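Okay, structure first, notes after.
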Amino acid sequence: MRADTEDRGDYDVFFCYSWKDKARADQLVELLAAEQVDGRPLRVFQDHRALEDYDQISASVQEGLRRSRCLVVLFSERTLRSHYCRAELRYALSAARRLGGTAQRVMPILHRTEYEDVRPQTLGAVRLPDPRTSSDEHLIGSVAARVRRTDVRRFGDAPEPGAPDWHPSPLVGNRAFRGRDVELFEVHDALHAHHDPGSGGVPVARIVGLGGQGKTMLAEQYAREFAADYPGGVFVLRGFGSHLAGRTTDHHVRSRIGDHIAEFAGSMNVPGLEGLDRPAVLNAFREHLGRRKQPYLWIIDDLPSGLDEKTFRALLAPTADGHTLVTTRYRSSAEEYPWGGEVLLGELDEGAALSLLTSHVRPADGDEVRSALAVAEKLGRHAQAVAVAAGLLADPDQGGFDGLLDAIAAPGPDAVELASRLGRDLPTGYGASIATAMLRSIDRLDHRGHEVLRIASLLAPTPLPQSLLEGVVARSDDGAPSEAHAFVEAGFADAVDKSLARALLPASVAGERLWTVHTLVSRTLRFADTGDTRRTRLRQGALEELTEALEQSKTRFVHRLLTHHLPHVQELLTSMEGADVLHLANEASRVYAELGDGRGALDQFERLHTASSRLLGPHHEITLKTLAGLGVGHGLMGDHVAALECKRAAYEGLAAVLGEHDPEVLIARNNVAVTLSDTGDRAAARDEYAAIYRIRRRVLNVQHPDTLMALNNYAIEVGRCGNHRLARRLKGIVHTRSRTVHGERDPRTLDALHNLAASTAALGDQATAHDLLVQVTEARREVLGSDHVDTLTSQEGAAVTAASRAEALPLLRDAYRLRLTVQGPAHPDTVRALVTLLEWSLPRDTVAAARARADLDEPDEAVLAGLLAMDLHERLVAERGADHAETAVARCQLAHALALQGPGLNADLLIEDAADGLAEELGRAAPWSRGAEILKAWIQDVEDRG
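So the number in our numbering is just where the residue sits in the sequence shown, counting from 1, plus 30.
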């Protein structure tokens, strides 16, 4: 039975075709209607109307598609040129996936083409007989057979896709998304077809196109449409500096990755993050994803060119459950982006461009439709330009479609110049028309809209925290915060109305509202903005606001709330000079250091010190502070000789400028003491700490927090020098005063109690020390969490002061396993935890023999761990058997110890056997099974690097 568009009811097949292929379509539909399905004629829906791209798809056609069981497309070179064919295919493919997880309900019949030319590849996967070698009867019989095998549900029965679980927020919102029907599935094909072993088997795809073509929107729409494929969520990473035109560094990209992962881990409530450095946060986050075992989408938005292979590897999803989707303006090369499928994004199709252009104002008649199509064509169907033009058409002063067409067809000198500046970022031949539309839209902004975009143009083209913009407005105009809030809200409302900005919803960090402004908009505004004085004032306001935000981290831990601020700091540092700018740079470097990003801190401080020396001279206070920071960076990287040289020079210089009692001088002197202790010169470090304490006690008072910290540092170093009795007395004073100043449960008070216990143990009173450490451990579990590194340290202390091995070993095993998860196998604390656990697991004479075999007074911990682990493993094999779970745990420890010594020692074989055994014996969700998987991934990386 053949159904016309007026017929009602359900259909077995919706026949999709280009009107230019109608003759062939009619032949095939007639044969289809003669087939039998379920004892009745096969029902086919075929629309007989010739549609232009500006006609609306009728309600009856939409209803016919919704009520159809399958879709057959007559695929020719004309098919994808039809806006309607693309839309019908997209709907059917999407619904088919939601009905059964595959595209089997959608079948292509080739017409003067080959399967290799079918797009998307998902469609070509369903192969019917080739019409060139098969009869029409055989071909249609095959279609009918597939229909019979398909369940009776219709496309309209497909459940609506759920909303993705965004981290931290959607990219830009999809209000202006149009078309891209085929490209959506090409992204899907690329992610599912490329599992290159060189990228660790992680699926990777890249969306490549000019700025403003809609790469980010396509990535977001893909996440929305395929949300069911990613129950683990969608993670969005931005701000890598594609706009910086060669100024982006590999380090900047890696640093931004660290910022994002810290934010993701915080938003997902990954436990035990406080105080962890960046590698440890990554390990904790990776383990958290591993425990969830859910597929997720990992979007890298607006990636710059010229990255090295190591950096590109670091960008990929951190576990095998992730699909990595990259948007970038740059075509790949083997050196830059060696893996993944590529989806090239060009102009919008004619129907999508028309739909977007007329989203505010509908054409009144056919003449206006033709003018609208001409406008879209003049703009190269460039997505950003068409969206901006749609906003312009809402203004009666623009003269409607004809008036706008006349304007962009005759660009003025300003537009021509702007187009030349934007250069290769715009499609060839359309730059001046696009520039005309952008300039006209900027001119239509009211004062508030212009002002917020002016501020945005001074900052990085990454998400803009609303609080940052409000602070800039308030500082620049000496206004009240409430007035600044209303101003920014109204300004962005105006910009959003004209398609020049977008809100990112839901709010991200700590409820912070974020806005985004495309780099083309910012560059246009900078070109058109003649208010140099105002720009200077706003830039100064941004400098002051960012400086204050970073300085907050000195007194409270807000570092991870600053992840959206740091890119804007970097942008200001490239456009301003002077002492205030250098101070901001110094604060940013300090934040990197306190986040544990040693390489980031060192790179920042090196650039900063060079700039400060050039601008202010080597003896200026800011230059000397940057020199001290450079010393901190060297120390974080393990170069204590260079660290001591920088820190000592900074301290002496600052003392000459500010005087010995200045707080900044005392901080610099304390830095010197830290490095003296790191190099083993304990006596010199002790004397420095003593001098600092005496000054702070005299200048401040004995209960000032800075004085207590100085006394605590001095007491610790006294103990390291061997005077444990004096150290215990001093630590007791610190603890007593800390309880008064900070409170009983404050982490600083618990630190003081832990230090007191350490000196108590050193004096031989193990029982009292044990009781104190148990008290500290219980309090830290409650205040910081059971897997916080400080909690684990006190737990290990409680273990080694315990009265018996039976009491100690469970605590040590638990601490080692948690350090694997929280800090990673290579962290020095984890290595020390492994050695301590092994020593307590073996008889003392066996441990002594292992130390003797190492043939060193202070043997390398990795070598010692290897000897101890082999002894323990052999002992457990003999006592419990090779397949016992306890033996498998010991095999994990042996693999860990061997891998610490480098690749090639069969650690990979050992850990694979241990992991499989633990999973079988205990289950994959068991804590030790998860620990084995962490070791397995790390050991594989060690072997790969070797």
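Cβ atoms here follow ideal geometry from the backbone N, Cα and C, with glycine treated the same way.
Owing to the predicted nature of the structure, the values given are computational and were not obtained by experimental measurement.
Boundaries of the beta strand (DSSP E) in which residue i is found, first to last residue
i, result
"T163", "Where T163 is concerned, there is no enclosing beta strand (DSSP E), given that its DSSP letter is neither H nor E."
"T546", "544 to 546"
"V148", "That residue, V148, is in no beta strand (DSSP E); it is neither H nor E in DSSP."
"A833", "It is not in any beta strand (DSSP E) - A833 carries neither H nor E in the DSSP assignment."
"V234", "234 to 238"
First and last residue of the uninterrupted alpha helix (DSSP H) at residue i
i, result
"E372", "Segment 371 to 374 is the beta strand (DSSP E) holding E372; no alpha helix (DSSP H) there."
"W870", "858 to 871"
"M247", "245 to 255"
"D68", "Taken as a continuous stretch (DSSP letters only), D68 belongs to no alpha helix (DSSP H), as it is neither H nor E."
"V806", "796 to 813"
"A945", "937 to 952"
"V518", "511 to 527"
"A125", "113 to 130"
"A579", "562 to 581"
"P777", "777 to 792"
"G479", "477 to 488"
"T466", "461 to 473"
"D444", "443 to 452"
"L345", "339 to 345"
"E909", "891 to 910"
"A882", "874 to 884"
"V1004", "No answer is possible for residue 1004: the residues shown for the chain start at 31 and end at 976."
Between the CA atoms of residue j and residue i - distance to the nearest angstrom
i, j, result
"L101", "L95", "8 Å"
"A126", "D524", "40 Å"
"K761", "A720", "14 Å"
"R728", "Y744", "16 Å"
"S106", "A404", "27 Å"
"W958", "A383", "56 Å"
"L434", "R400", "13 Å"
"R590", "E293", "A caution first: R590 carries a pLDDT of 49, below 50, which makes its placement in the model unreliable, though a value can still be read off. Answer to the nearest angstrom: the Cα atoms are 6 Å apart."
"L498", "H595", "8 Å"
"E118", "G209", "11 Å"
"L483", "V373", "31 Å"
"T341", "L248", "24 Å"
"A193", "H353", "18 Å"
"E190", "R254", "11 Å"
"D717", "H765", "22 Å"
"G263", "I291", "14 Å"
"E317", "A257", "23 Å"
"A167", "P71", "Note on identity: in this sequence residue 167 is Glu, with Ala being the wrong assignment. If you take the alpha carbons of E167 and P71, they lie about 16 Å apart."
"P334", "F270", "7 Å"
"T554", "A415", "12 Å"
"H225", "D351", "With a pLDDT of 46 at H225, under the threshold of 50, the predicted position of this residue should be treated as unreliable, and no value is reported."
"V212", "A912", "55 Å"
"R712", "V748", "8 Å"
"A962", "I287", "26 Å"
"A944", "E909", "17 Å"
Rounded Cβ spacing between residue i and residue j (contact assumed at less than 8 Å)
i, j, result
"F75", "Y47", "Rounded, the Cβ-Cβ distance is 12 Å, inconsistent with contact."
"G242", "H412", "6 Å"
"S471", "K528", "5 Å"
"H664", "C676", "6 Å"
"L935", "L928", "4 Å"
"T779", "S768", "4 Å"
"P325", "G815", "Rounded, the Cβ-Cβ distance is 28 Å, inconsistent with contact."
"L688", "V695", "5 Å"
Bridge partners - residue i, DSSP secondary structure assignment
i, result
"Y41", "S98"
"I330", "L267, V356"
"M137", "V102"
"L494", "W545"
"W196", "V264"
"C46", "V103"
Min CB distance residue i to chain C below 9 Å
i, result
"Y114", "This model lacks chain C altogether; it includes just one protein chain."
Segments assigned alpha helix (DSSP H), at least 4 residues, entirely inside the segment 662 to 728: 670 to 688, 693 to 708
Unbroken stretches of the beta strand (DSSP E), 3 residues or longer, contained in the segment 733 to 771: none
Start-end ranges of the alpha helix (DSSP H) lying completely within the segment 367 to 435, minimum 4 residues: 380 to 387, 396 to 408, 413 to 423
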